[in-house]
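Trainee:
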Amino acid sequence: MSIYDYFATLENGKTYSLKELANHPVLIVNTATKCGYAPQFDGLEKLYKKYKDQGLMILGFPSNQFKQELDDASEAAKACQLTYGVTFPMHQIIAVNGKDTDPLFKYLKENSKGVLGSSTIKWNFTKFLVNKEGNVVARYAPQTEPKDLEEDIKEVL
């Protein structure tokens, strides 16, 4: 199993296979536009612009499980684009915990434990770095700034 066994749905409703990202390192982030960590969109976009030509993909997955997201995925994506200049793909609003957890996030959590071995996502802006083979290589806490991921990203490029 790898992320390539899953599908994702963009904010515009288009579903695609993550197999399309084969041979690309991917940073997957659960996001929320009204979260105190939302300024990280700026840092994520800087990483994306700096490394996209080398193959890096960044995928934003909004979640309202912490009550800090807009009700509509298109509106959330528009807010990210207008406020932070986000150009990386944004997706439909998903559940990252509980019985309705998105299958991709279930996989990510099962293959990278958080603090004290917990698989639960504790807050918005938990980040997962995936190598070119589609395997999770690192999980980062919400407070970890995108610039602090740069060395790890260089390793998977």
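Using full-length UniProt numbering, read the sequence shown as starting at 1 and increasing by one per residue.
Every residue, glycine too, gets a C-beta built ideally from N, C-alpha and C.
Run through DSSP, which three-state label would Ser74 get?
Mentor: Ser74: helix per DSSP, three-state reduction.
Trainee: Between Asn12, Gly36, Thr15 and Ala8, which lies nearest to Glu145 when the distance is taken from Cα to Cα?
Mentor: The residue with the shortest Cα to Cα distance from Glu145 is Gly36.
Trainee: Taking the alpha-carbon positions, what's the Ala141 to Tyr48 distance?
Mentor: So the two alpha carbons sit approximately 19 Å from each other.
Trainee: Hey, which unbroken runs of the beta strand (DSSP E) at 3 residues or more fall wholly within the UniProt domain "Thioredoxin" (1–157)?
Mentor: Complete beta strand (DSSP E) runs here, min 3: 7–9, 15–17, 26–31, 57–62, 127–130 and 136–140.
Trainee: Closest to Val96 by C-alpha separation, out of Asn12, Leu10 and Asn30, would be which residue?
Mentor: When only C-alpha atoms are compared, the closest one is Asn30.
Trainee: Would you decide whether Tyr51 is buried or exposed? Buried here means 16 or more other CB atoms lie within 10 Å of its CB.
Mentor: Tyr51 comes out buried.
Trainee: Please tell me whether Ile28 and Ser63 are closer than 7 Å, where the distance is taken between their beta carbons.
Mentor: Not in contact: Ile28 and Ser63 (Cβ atoms no closer than 7 Å).
Trainee: In chain order, what residues of the same chain have a beta carbon less than 6 Å from the beta carbon of Val137, not counting five sequence neighbours either side?
Mentor: The answer, listed in chain order, is Leu129 and Asn131.
Trainee: Less than 7 Å separating the beta-carbons of Leu104 and Tyr6?
Mentor: Taking 7 Å as the Cβ cut-off, Leu104 and Tyr6 qualify as a contacting pair.
Trainee: Go ahead and label Asp42 buried or exposed: buried means 16 or more other beta carbons lie within 10 angstroms of its beta carbon, across all protein chains shown.
Mentor: Asp42 is exposed by the Cβ-count criterion.
Trainee: Tell me the rounded alpha-carbon separation between Ala8 and Lys99.
Mentor: Each residue's alpha carbon lies about 18 Å from the other.
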